[in-house]
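For the sequence shown, my numbering gives the first residue as 12, with consecutive numbering after it. All residues carry an ideal CB built from backbone N, CA and C; glycine is no exception. Remember, predicted model here, so these are calculated numbers, not experimental data. I have placed the structure first, in the form of structure tokens, so that the comments after it can refer back to it.
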Amino acid sequence: MFWRRETTPAAVSSTAFDLPPPAPPTGRVGMPSILFLGDSNTEIASHPDTLGFQVRFTQDYARKADTINRGNSGWNTRFWLKNLDRLVAEWMARPPSLVLVMLGTNDACAADGTIAWAHVPLDEFKSNLNALASAFQSSWGSRVLFVTALPFDDNSSKWHGSRTNADAGKYAAAMVALGQQIGVPVLDLWTPLQDSIATIFYDGLHLNRDGNVQVHMRMRAAIASAFPDLAPESLPIYYP
């Protein structure tokens, strides 16, 4: 399910959600680039053996755009916010055209569970996401696409006591709501993949080949809908 704000909503009362309008990535030097920011599922997206979704995008954008993987296993919005200055500085000389922010899986860990250190309260999660999006838009002039947490297989014994599918859904819904408030398009993966939970993971949490194929398909459709000028078929070959 893909969410994009079509009309201007009522003003948000909290100044924490005030964002400048997204600036189109004009005036850039060099090939366009797409940055994938996230946790372990983003990190593993670089693995060809599981048909990682970033690997598939690298093929989609061959000779047209570079794909950059900044997925760190175990990370959440809090960890990325603490490293935001470093991340912004890393790409200031060549800002990404588009940033896909795929976070929430670790933030949604149970506060009293076996991975409690990764838990981030919902309000902080939304504030952190807002800060990340604002920085990417204002510092880089990048477009931003939020990608929600994936479902979780509650039948998985490996992660028992650390998280639940229901909690992942709460964080996915919070991301969708925030995106609607601040005008950032959101790709909801949690909702449409509920019927595929038993087949898209190799351990109940991390994507297998089928899962990566499905996520890549949905991400590609979301990019084409929200930012049609950045779809692979819209970009010219950089070195013809």
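Would you list the one or two residues that DSSP bridges to residue i?
i: Arg81; result: Leu48
i: Met113; result: Gly49, Val158
i: Phe212; result: Leu218
Would you say residue i and residue j are within 8 Å of each other, going by their C-beta atoms?
i: His217; j: Asn52; result: yes
i: Phe163; j: Arg174; result: yes
i: Ala177; j: Lys137; result: no
i: Asn254; j: Leu189; result: Because residue 254 is not part of the residues shown, which for the chain are 12 to 251, the question remains open.
i: Ser108; j: Ser44; result: yes
i: Ala119; j: Tyr182; result: yes
i: Thr125; j: Asp50; result: no
i: Ala144; j: Val187; result: no
Which residue comes first and which comes last in the beta strand (DSSP E) that contains residue i?
i: Val158; result: 154–158
Taking the alpha-carbon positions, what's the residue i to residue j distance?
i: Arg200; j: Ala179; result: Going by the sequence as given, residue 200 is Leu instead of Arg. If I take the Cα positions, the gap works out to 11 Å.
i: Pro35; j: Asp123; result: Residue confidence for Pro35 is low, a pLDDT of 43 falling below 50, so the modelled location carries little weight; the figure read from the coordinates is stated next. Those two C-alpha atoms are separated by around 42 Å.
i: Thr78; j: Asp71; result: 10 Å
i: Asp106; j: His58; result: The amino acid occupying residue 106 in the given sequence is Pro; Asp does not appear at that position. So the two alpha carbons sit approximately 24 Å from each other.
i: Arg89; j: Trp128; result: 11 Å
i: Ala56; j: Asp134; result: 28 Å
i: Ser236; j: Pro251; result: 26 Å
i: Ile234; j: Asp165; result: 30 Å
i: Asp96; j: Asn139; result: 13 Å
i: Asn219; j: Asp60; result: 9 Å
i: Leu161; j: Pro203; result: 10 Å
i: Arg74; j: Ile193; result: 33 Å
i: Glu244; j: His171; result: 43 Å
i: Leu92; j: Trp102; result: 16 Å
i: Gly334; j: Gly222; result: With the chain covering 12 to 251 only, the question about residue 334 has no answer from this structure.
i: Tyr249; j: Pro132; result: 43 Å
i: Asn80; j: Thr210; result: 25 Å
i: Met230; j: Ala121; result: 27 Å
i: Thr159; j: Val40; result: 31 Å
i: Gly152; j: Pro247; result: 21 Å
i: Ala146; j: Gln191; result: 18 Å
i: Gln205; j: Met228; result: 16 Å
i: Met42; j: Ala104; result: 13 Å
Pull up the CB-CB distance for residue i and residue j, whole angstroms please, since I reckon it's below 8 Å.
i: Phe68; j: Met113; result: Rounded, the Cβ-Cβ distance is 13 Å, inconsistent with contact.
i: Val226; j: Leu62; result: 10 Å between Cβ atoms; not a contact.
i: Ser150; j: Val99; result: 5 Å
i: Glu54; j: Asn94; result: The pair is not a contact, with the Cβ atoms about 15 Å apart (cut-off 8 Å).
i: Arg154; j: Phe238; result: 5 Å
Where does the unbroken alpha helix (DSSP H) through residue i begin, and where does it stop?
i: Gly194; result: Looking at the DSSP string, Gly194 is not in any alpha helix (DSSP H), and its letter there is neither H nor E.
i: Gln205; result: No alpha helix (DSSP H) contains Gln205, which DSSP labels as neither H nor E.
i: Phe90; result: 88–93
i: Val66; result: 64–71
i: Leu246; result: Taken as a continuous stretch (DSSP letters only), Leu246 belongs to no alpha helix (DSSP H), as it is neither H nor E.
i: Leu143; result: 133–146
Does the beta-carbon of residue i, which I'm using as the reference point, lie nearer than 7 Å to any heavy atom of the ligand NAD?
i: Val110; result: As presented, the structure is devoid of all ligands, the ligand NAD included, so that no description of it is given.
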